[in-house]
Amino acid sequence: MALQTDEREELAGERLMMISSDTHASPPFEGFADYVEQKDMAAFQAELETRQAFRDHSSVGKAQGKSEEMNTLQQEQGFGPGTRDPDVKARHEEADGVVGCVIFPNGPRPFSPEYRERAPLGLPAPSIQQRVAGARIYNRWLADFCSAYPDRFFGIAQIEIEDVESATKEVQWAAENGLRGGIAFPGVAPSGEYPGLHDEVYEPLWSVCEEYNMPLNTHGVDSIPAQHYPFGHVANILLTLTEAFFFSTRHLWWLMWTGVFDRHPGLKLTFAELLADWIPCTLSDLESTLNSNLGAQGRAVLELTPTEYWQRHCFVGASFMSRTEANARHDVGLDSVMWGSDYPHVEGTWPHTRESLRNTLAGLPVEDIRKMLGENALRCYSFDPDRMRALADQFGPTIDEISTPLEEIPDSPQARLGMAFREGDHWT
């Protein structure tokens, strides 16, 4: 429904509060050195030397099947100064109209378990002790980064879920030290090496996340167990894009079916950079499963329906949202949709965020735009509403600007290679 003339005139000057549910920050790998404990320094230096041989990240990108042009732009933009300098990031976000940011990592952390980026470099798998140390190193760096703009930058803490005791302590430390974006919710290997999410071993983690209001955040391809992916083969990136949705969304039905949501009604689960078009059909499938003849035992013990669990617990970080996704907002759940820029990644909206939003949102009801651009994220992550409103009045785009249809897509490599101006379904 487009704005009526009198409504447009009345609201034209109002500035929208924009909170991005998906941005990124990390230092160059050597920038972690000041946060490494002495006992881990030798291993860190060895990993640093290996990584310095691949400083431009191009070998990783090529092994993942990305084009030369995409690789080049990702190096220039995706690892730019805004990922490591909070003042640069703040200036870029202000120019975009963004006043609050949820911050995921940007690149590897020390002793990362991420096989997808270690394998092309020949790095051995780290021990669980090293992985716990690596998460701690990144979190200490991120806490310092976010402290420059503590009311605007909500960093997401890294944990190693296989060590629940250390993970629980790390969540508490993060919440008490300014990392207010919650935790990165890693995938649990389907091989059976670690207990499924139903296991009571994870109860302390769910409890501390609920107590400190720390959402569980899934993101893009981060949950994929990529040990057997064909690096260097053109199929690698295709497999990654195809399988990301299963591995990164399976947390939903695990927490739902196994009673975790019933035991922890205040727990929040978010899905960032996984688009939003999968949600209506997934909820429909889950409803059908529960209501089938084989779902009788589940119906007897579960407190809510899948749609009700989604409404109570879940948010989708609809990064570089398409018009198709915006039009499906009520099927997804209007109160669950959070826009994200994916700053500074090439597939995201920066530096064409305002144009992208016009392409996606022009003509929609103002109250719906407000929710998707900022109000839902404010509620999910507990940003301060007064502070966000004050910043929005200074930097936010006007309703009139975002409600004006885009006449021409920008002529730039970012617009051409990215996903900010998708017109079809899913990735296109």
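The sequence shown begins at 27 in our numbering and counts up one residue at a time. Every residue, glycine too, gets a C-beta built ideally from N, C-alpha and C.
Item	Value
Terminal residues of the alpha helix (DSSP H) in which residue 211 lies	Looking at the DSSP string, residue 211 is not in any alpha helix (DSSP H), and its letter there is neither H nor E.
Where the beta strand (DSSP E) containing residue 49 begins and where it ends	44–50
Closest by C-alpha distance to residue 309, when choosing among 221, 275 and 324	275
Close-in-space but distant-in-sequence residues of the same chain around residue 446 (CB under 7 Å, 5 per side omitted)	346, 374, 375, 378 and 382
Residue 104 in three-state terms, based on DSSP	helix
Beta strand (DSSP E) segments (min. 3 residues) lying fully within the stretch 353–429	363–366
Residues near residue 269 in its chain [Cβ-Cβ closer than 7 Å; skip 5 each side]	250
Distance between residue 437 and residue 235 (C-alpha atoms, nearest Å)	44 Å
Backbone secondary structure at residue 268 - three-state DSSP	helix
Under 8 Å between C-beta atoms of residue 211 and residue 277	yes
Beta-carbon proximity of residue 50 to residue 129, cut-off 8 Å	yes
Distance cut-off 7 Å: residue 265 Cβ against heavy atoms of the ligand GTP	Because no ligand of any kind appears in the structure shown, any question about the ligand GTP cannot be addressed here.
Identity of the residue in 174, 154, 224 and 180 nearest residue 131 by Cα	180
Pairwise C-alpha distance: residue 165 and residue 203	10 Å
Close-in-space but distant-in-sequence residues of the same chain around residue 439 (CB under 6 Å, 5 per side omitted)	99
Own chain, CB closer than 7 Å to residue 53, minus 5 neighbours either side, in chain order	110 and 167
Pairwise C-alpha distance: residue 42 and residue 418	6 Å
Distance, residue 200 Cα to residue 64 Cα	22 Å
Enclosing alpha helix (DSSP H) for residue 339 [first to last residue]	332–339
Buried/exposed call for residue 454, threshold 16 Cβ in 10 Å	exposed
C-beta contact flag for residue 404 and residue 45 at 8 Å	yes
Per-residue burial, residue 138 [other beta carbons within 10 Å of its own, 16 or more giving buried]	buried
Neighbourhood of residue 186 by C-beta, 8 Å cutoff - its chain only, sequence neighbours within 5 removed	139, 154, 157, 158, 161, 192, 193 and 212
Exposed unless 16 or more other CB atoms sit within 10 angstroms - verdict on residue 303	buried
Residue 402 versus residue 361: straight-line alpha-carbon distance, rounded	6 Å
Spatially closest choice to residue 326 from 255, 316 and 334, by CA coordinates	316
Per DSSP, the bridge partner or partners of residue 343	298 and 364
Residue span of the alpha helix (DSSP H) that contains residue 165, given as start and end	154–172
Buried or exposed by the 16-neighbour rule on C-beta atoms within 10 Å, applied to residue 89	Bear in mind that a pLDDT of 49 at residue 89, under 50, signals an unreliable position, so the number given afterwards is only what the model happens to contain. Result: buried.
Residue 290 - DSSP class collapsed to helix/strand/coil	coil
Spatial neighbours of residue 57 in its chain, beta-carbon cut-off 8 Å, leaving aside the 5 residues before and after	110 and 167
Distance between residue 351 and residue 27 (C-alpha atoms, nearest Å)	In this prediction, residue 27 scores a pLDDT of 43, lower than 50, which makes its location untrustworthy; no coordinate-derived value is stated.
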